[in-house]
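S.K.: Numbering (our numbering), first residue to last: 275 to 882.
Here it is, the structure in full.
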Amino acid sequence: MSSQRLESSAAPGLTCDLLVIGSGAGGLATAVTAAQLGLKVVVVEKEPQFGGTTAWSGGWMWVPRNPLARAAGIDEPLDEALAYLRHELGAQFDEARARTYLTQAPRMVEFFRRRTALQFIDGNAIPDFHGRSPHAGTGGRSVCAAPFDGRRLGARLQDLKPPLPETTLWGMGIASGRELRHFLDATSSPASFLYVARRVLAHARDRLLHGRGRRLVNGNALVAALAASALEAGVQILTAHPARRLLDKDGRVAGAEVISPQGPLTIEAARGVVLACGGFPHDAARKARLLPHAGPDGLGHHSAASPGNTGDGLRLGEAAGGRMATGLVQAAALAPVSLVPRADGSTGHFPHLIERAKPGLIAVRADGRRFVNEADSYHDFMQGLLAATPPGEPVQAWLVCDRDFFRRFGLGAAKPWPMPTRAWRQSGYLRQGRTLAELAAACGIDAAGLAATVARYNAMAAAGRDLDFGKGETPYNRIQGEARPGQPNACMAPLQRGPFHAVRVVAGSLGTFAGLRVDTQARVLDAQGQPVPGLYAAGNDMASLMGGHYPSGGITLGPAMTFGFIAGHHAAGVPLEPPAPTPAPAPTAQPQPRTEEAIACTTTNSPR
Ligand SMILES: Cc1cc2nc3c(=O)[nH]c(=O)nc-3n(C[C@H](O)[C@H](O)[C@H](O)COP(=O)(O)OP(=O)(O)OC[C@H]3O[C@@H](n4cnc5c(N)ncnc54)[C@H](O)[C@@H]3O)c2cc1C
C-alpha cells in the first residue's frame with residue numbers, strides 16, 4: 275500500500291467531503307457525525323457486508339458520567355474516572371487524551387441519542403474490571419446499544435453482517451441481561467419458557483420471510499442503528515469496496531483508490547480520509563512482530579475479530595507518513611478462544627466471555643492445575659495463562675465443568691440442555707468423561723493433577739473462599755457469577771456429578787490495541803509528532819487510549835465511538851468545547867439507584 279498523487283490516477287471517480295475506510299463502530303460513528311454536521315460522506319467496506327467486529331460484539335461502551343447514569347443519580351466527578359485510569363494505566367497514562375475522552379464521551383452519547391437512530395441502555399450496575407484498584411467504579415460507567423428494529427434499514431438489512439454464528443441460537447442474537455437470563459431459565463421457569471418460545475417463533479418467521487432475524491441486539495444493533503442513521507443522513511455505504519491506496523493532493527491526504535466489483539475506483543475527499551479498518555487481528559506478519567505468543571509465523575494467535583481486519587488501515591497510514599504508537603504493555607485485547615469445527619470445514623473462533631465466572635467451572639493446564647482466577651476479565655485470564663505457560667509449550671488450557679454446570683450454562687459454543695451435544699462430541703470440540711479420570715484421558719490432562727485440583731477446589735467452594743486466586747472477591751467477579759441462596763460464593767460451586775465436560779481454549783483476542791499514533795482530534799501523527807494533513811484514525815486503527823491495559827469492559831467501543839465523533843467534528847470544522855481545566859477536588863457522589871434493566875444486564879452477565 276502506498277499513497278499516490280491524485281492527478282495520476284486514471285480510475286473513474288466519485289467525490290465527497292470525507293471518505294471513511296471501514297464500517298465498524300469507528301468508521302460509522304465518524305460518518306454519522308460528519309454527515310449530521312453537513313458533510314457529504316462515503317464509507318467503503320472491504321467485506322460484502324458492513325459492520326466488522328462491531329457487528330459481532332456485545333455493543334458495550336465504557337462511558338463514565340454518561341447521561342443515563344446521571345439521570346439515575348450517579349454523578350461522579352470527571353476526576354474520579356480519571357484517577358482510576360491514572361492508576362490502571364501507569365506509565366501509559368496520557369492525561370491529555372484521557373481527559374479529552376472523559377469529556378467528550380458523554381457528549382457523544384448525548385449527540386447520538388438526540389440526533390440519530392442509536393439509543394442506549396444503561397450499565398448502571400456494571401462495575402469496572404479491577405475492583406481492588408482505587409477509584410474503580412461500581413456502576414454507571416457504561417452504556418450499551420439498545421435493541422434495534424432491523425426494518426428501519428429497509429433493503430440494506432441484507433448488507434448488515436449477521437452476529438457471529440457460534441454466539442447465537444439458530445442465528446438469533448441474545449441480548450445480555452434480562453433476555454439472557456430468560457434463555458438460561460427457559461427449562462425451569464414457565465415465564466421464561468414463554469418468553470423464549472415467542473422470541474424463537476418470531477425469529478423463525480423472520481428467517482422464513484426475510485432470510486434473517488430483524489430484532490437486532492448487542493453489537494449488531496449498534497451497527498444497524500449507526501448504519502440506518504448514516505443512510506438517513508445521506509451517507510453512501512459501499513460494500514465489497516476495499517481501499518487499496520491513499521491519494522495525495524498538494525501534500526494532503528485527499529482520497530483513496532478502492533477496488534469496486536467493476537474495477538479500480540478513485541474517491542476524492544476534500545476534507546480527508548478516516549482509517550477505520552479494525553487494526554491487525556488477522557495480519558500474521560504484524561502479529562508475529564507485536565504478539566510474542568503468536569510465534570514467528572503469527573499463527574499462534576486466534577483472534578475472534580472479523581476476518582477482514584488484516585491491518586490494511588495501519589499499512590495505509592504508515593505509507594502516508596503516520597507512525598505506530600510504541601510502548602503499549604499489550605498489543606491486543608486478549609481473550610481465551612476455542613476453535614470450533616464448522617460444517618463447511620472452516621474453523622470458528624469462539625471467545626469465552628460469559629461462562630468462566632459461573633459457579634462450577636475451573637480452568638486447568640495440561641498438568642491439571644489451576645493457574646488463574648477464572649472469573650476475572652478475559653484479558654486478565656489470558657495474561658494469567660501466558661504467564662503460566664513455560665516457554666516452548668503451547669499456550670492452551672481446558673475449561674472443565676460437571677454435569678450440572680453444563681446443563682445450565684453449556685460450555686463455549688456447546689449450548690445448555692436440552693440442546694443436543696452429539697455433534698460437538700463427535701467433532702472433538704467437547705470432551706466428555708463419566709469420571710474425572712476419563713475426562714483427563716480424553717483431554718490429555720494429568721489425571722492425578724486434575725483429581726487433586728478438583729478435590730481442593732471443591733473444599734474451597736464449600737467454604738466459599740478461593741485461597742489460591744481469590745475468585746469471587748471483586749464486584750466484577752460477582753456480577754459475572756450467579757448468586758444462589760445458601761451458596762457463599764457467587765463464582766464457586768463444587769464439581770461433583772459426572773459426566774464431566776471440557777473445552778480447550780487457546781490464545782486469542784477481541785481485537786488489537788496497537789495502532790497509529792493520534793492527537794486529541796484523532797489526527798494521525800507523523801514521525802515528528804505532527805498531524806499528517808487530511809488523515810484521521812478511528813477504532814482499532816488508532817492506538818488504544820488505554821496503552822495496552824484493559825481496565826473495564828467497553829474500552830474499545832467507547833473510544834471508537836468517541837474519537838469517531840471527535841474526528842467527524844474536526845473534519846466538518848465544527849469545534850467541540852474542550853475539556854475543562856482540572857477542577858478543584860469534589861466529593862464523590864455515591865447514590866446508585868439501579869434500573870431493572872441494569873440489574874438484569876449484569877446478573878446473567880454480559881459479553882463486554
Ligand atoms: C464477541 C466479541 C464481543 C465484543 N464485545 C465488545 C464490547 O461489548 N465492548 C467493546 O468495547 N468491545 C467489544 N469487542 C471488541 C470490539 O468489537 C472491537 O474492538 C471493535 O468492534 C473494533 O471496531 P473498529 O471500528 O475498529 O473495527 P471493526 O468493527 O472490525 O470494523 C472494521 C471494518 O473495516 C473493514 N476493512 C478492513 N480493511 C479494509 C479496507 N482495506 N477497505 C475497506 N474496509 C476495510 C473490515 O472489513 C471491517 O468491517 C468485542 C469483540 C468480540 C469479537
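Idealized CB from N, CA, C, for every residue including glycine.
Near L311, which residues of its chain fall below 6 Å by C-beta distance, leaving aside the five closest residues on each side in sequence?
M.R.: As a working note, residue 311 is residue 37 in the sequence shown. Same-chain partners within the cutoff: A846, V848.
S.K.: Does the distance between the C-beta of I719 and the nearest non-hydrogen atom of ligand 1 fall short of 7 Å?
M.R.: For the purposes of this step, residue 719 is taken as the residue at position 445 of the sequence shown. Flag unset: Cβ of I719 not near ligand 1.
S.K.: To test your reading of the DSSP string, which unbroken alpha helix (DSSP H) runs of 4 or more residues are found completely within the stretch 763-851?
M.R.: Runs found: 831-846.
S.K.: Go to C551, then tell me how far its alpha helix (DSSP H) extends in each direction, as first and last residue.
M.R.: Here the question's residue 551 lines up with position 277 in the sequence shown. Neither: C551 is in no alpha helix (DSSP H) and is coded neither H nor E.
S.K.: Taking 7 Å as the line, does the beta carbon of V337 fall inside it for any heavy atom of ligand 1?
M.R.: Looking up residue 337 in the sequence shown gives position 63. Every heavy atom of ligand 1 is 7 Å or more from the Cβ of V337, so no.
S.K.: Taking DSSP as the reference, what is the three-state secondary structure of T748?
M.R.: Walking along the sequence shown from the start, residue 748 turns up at place 474. The answer is coil: DSSP assigns T748 none of H, G, I, E or B.
S.K.: Go through the stretch 581-626 residue by residue and report every complete run of the alpha helix (DSSP H) that reaches 4 residues or more, in order.
M.R.: If we require 4 residues or more, the alpha helix (DSSP H) runs fully inside the stretch 581-626 come out as 586-593.
S.K.: A399: which of H823, M382, F774, I753 sits nearest, CA to CA?
M.R.: Within the sequence shown, residue 399 is the residue found at index 125, counting from 1. Nearest of H823, M382, F774, I753 to A399, Cα basis: I753.
S.K.: DSSP three-state call for M693: helix, strand or coil?
M.R.: Here the question's residue 693 lines up with position 419 in the sequence shown. Three-state result, M693: coil.
S.K.: Would P338 and E319 be called neighbours here (beta carbons separated by less than 8 Å)?
M.R.: Indexing the sequence shown from 1 puts residue 338 at position 64. Indexing the sequence shown from 1 puts residue 319 at position 45. No, the Cβ-Cβ distance between P338 and E319 is not below 8 Å.
S.K.: Find out if the Cβ-Cβ distance for the pair G718, A550 is shorter than 8 Å.
M.R.: Counted from its first residue, the sequence shown places residue 718 at position 444. Counted from its first residue, the sequence shown places residue 550 at position 276. No; because the gap between Cβ atoms is not below 8 Å, this pair is not in contact.
S.K.: What is the C-beta distance between L704 and A729, in whole angstroms, given that I count them as a contact (C-beta under 8 Å)?
M.R.: Translated into positions along the sequence shown, residue 704 becomes position 430. Translated into positions along the sequence shown, residue 729 becomes position 455. Contact doesn't hold; Cβ gap of about 24 Å is too wide.
S.K.: So G813 packs on G332, CB below 8 Å; how close in whole Å?
M.R.: Taking the first residue of the sequence shown as position 1, residue 813 is located at position 539. Taking the first residue of the sequence shown as position 1, residue 332 is located at position 58. Contact flag wrong, Cβ pair sits at about 16 Å.
S.K.: Does DSSP classify L392 as helix, strand or coil?
M.R.: For the purposes of this step, residue 392 is taken as residue 118 along the sequence shown, with counting starting at 1. Note: L392 maps to coil in three-state DSSP.
S.K.: Whose C-beta lies closer than 6 Å to the C-beta of A599 among residues of the same chain, with five residues either side of it excluded?
M.R.: Counting from 1 along the sequence shown, the entry for residue 599 is found at position 325. Answer for A599: R791, A817, listed in chain order.
S.K.: On the three-state DSSP scale, how would you describe P380?
M.R.: Translated into positions along the sequence shown, residue 380 becomes position 106. It is helical.
S.K.: Quick check on I829: buried or exposed, where buried means 16 or more other Cβ atoms within 10 Å of its Cβ?
M.R.: If you number the sequence shown from 1, residue 829 lands on position 555. So I829 counts as buried.
S.K.: Can we count A550 as close to ligand 1, meaning its CB is less than 7 Å from some heavy atom?
M.R.: For the purposes of this step, residue 550 is identified with residue 276 of the sequence shown, where counting begins at 1. For ligand 1, at least one heavy atom lies less than 7 Å from the Cβ of A550.
S.K.: Beta carbon of T390, beta carbon of V317: below 8 Å?
M.R.: For the purposes of this step, residue 390 is taken as the residue at position 116 of the sequence shown. For the purposes of this step, residue 317 is taken as the residue at position 43 of the sequence shown. It is not a contact, given that the beta carbons lie outside the stated cut-off.
S.K.: According to DSSP, is F457 part of a helix, a strand, or is it coil?
M.R.: What you label residue 457 is simply residue 183 of the sequence shown in a count that begins at 1. Looking at F457 - three-state DSSP - the assignment turns out to be helix.
S.K.: Under a Cβ-count criterion, where at least 16 other Cβ atoms within 10 Å of its own Cβ denotes burial, should H484 be classed as buried or exposed?
M.R.: Counted from its first residue, the sequence shown places residue 484 at position 210. Result: exposed.
S.K.: Is it buried or exposed for S416, if we count other Cβ within 10 angstroms and need 16 for buried?
M.R.: In the sequence shown, the residue the question calls residue 416 occupies position 142. That one is buried.
S.K.: Is it true that the stretch 450-466 meets the stretch 528-537, where meeting means three or more beta-carbon pairs spaced less than 8 Å apart?
M.R.: Too few Cβ pairs lie closer than 8 Å, so no.
S.K.: Mind listing, in chain order, the continuous beta strand (DSSP E) runs of no fewer than 3 residues lying wholly within the stretch 414-454?
M.R.: Fully enclosed beta strand (DSSP E) runs of 3 or longer: 416-419.
S.K.: Taking the C-alpha atoms as reference points, what is the distance between G287 and E542?
M.R.: Stepping through the sequence shown from its first residue, residue 287 is reached at position 13. Stepping through the sequence shown from its first residue, residue 542 is reached at position 268. Cα to Cα, the separation comes out at about 7 Å.
S.K.: Nearer than 7 Å: is that true of the beta carbon of E667 relative to any heavy atom of ligand 1?
M.R.: Position 393 of the sequence shown, counted from the first residue, corresponds to residue 667. E667 Cβ: outside cutoff for every heavy atom of ligand 1.
S.K.: Can you tell me whether DSSP reads P286 as helix, strand or coil?
M.R.: Residue numbering aside, residue 286 sits at position 12 when the sequence shown is read from its first letter. If DSSP states are grouped into helix, strand and coil, P286 belongs with coil.
S.K.: Taking only heavy atoms of ligand 1 into account, decide whether any of them is closer than 7 Å to the Cβ of I541.
M.R.: Taking the sequence shown and counting its residues from 1, the one referred to as residue 541 is at position 267. No; taking the cut-off as 7 Å, the Cβ of I541 has no heavy atom of ligand 1 nearer than that.
S.K.: What's the gap between the Cα of S580 and the Cα of G326?
M.R.: Translated into the one-based positions of the sequence shown, residue 580 becomes position 306. Translated into the one-based positions of the sequence shown, residue 326 becomes position 52. Cα to Cα, S580 sits roughly 6 Å from G326.
S.K.: Classify K561 as helix, strand or coil using the three-state DSSP reduction.
M.R.: The sequence position of residue 561 within the sequence shown is 287, counting from 1. If DSSP states are grouped into helix, strand and coil, K561 belongs with the helices.
S.K.: Excluding sequence positions up to five away, which residues of its chain have a Cβ less than 7 Å from the Cβ of I873?
M.R.: One-based indexing of the sequence shown puts residue 873 at position 599. Low confidence applies here, because I873 scores a pLDDT of 30, under 50, leaving its location unreliable; read the following figure in that light. Within the same chain, I873 has close Cβ partners A399.
S.K.: Label D618 either buried or exposed according to how many other C-beta atoms from any shown protein chain fall within 10 Å of its C-beta, with 16 as the threshold for buried.
M.R.: Within the sequence shown, residue 618 is the residue found at index 344, counting from 1. The residue in question, D618, is exposed, as its Cβ has fewer than 16 Cβ neighbours within 10 Å.
S.K.: So is L482 buried or exposed if we call it buried at 16+ other beta carbons inside 10 Å?
M.R.: Against the sequence shown, residue 482 aligns to sequence position 208. Flag for L482 reads exposed.
S.K.: Which whole-angstrom value is the C-beta distance of V611 and H576, which I expect to be below 8 Å?
M.R.: Residue numbering aside, residue 611 sits at position 337 when the sequence shown is read from its first letter. Residue numbering aside, residue 576 sits at position 302 when the sequence shown is read from its first letter. With 8 Å as the limit, V611 and H576 qualify as a contact, their Cβ atoms being about 5 Å apart.
S.K.: Quick one: residues in its chain with C-beta nearer than 8 Å to the C-beta of A514, no 5 flanking neighbours on either side, listed in chain order?
M.R.: By one-based count along the sequence shown, residue 514 stands at place 240. Cβ within range, chain order: E319, K320, E321, P322, S534, P535.
S.K.: Assuming H674 contacts L635 under a Cβ cut-off of 8 Å, what Cβ separation, rounded to an integer in Å, is found between them?
M.R.: Start at 1 with the first residue of the sequence shown, and residue 674 comes out as number 400. Start at 1 with the first residue of the sequence shown, and residue 635 comes out as number 361. According to the sequence displayed, residue 674 carries Val and not His. Sure, about 7 Å apart at Cβ, within 8 Å.
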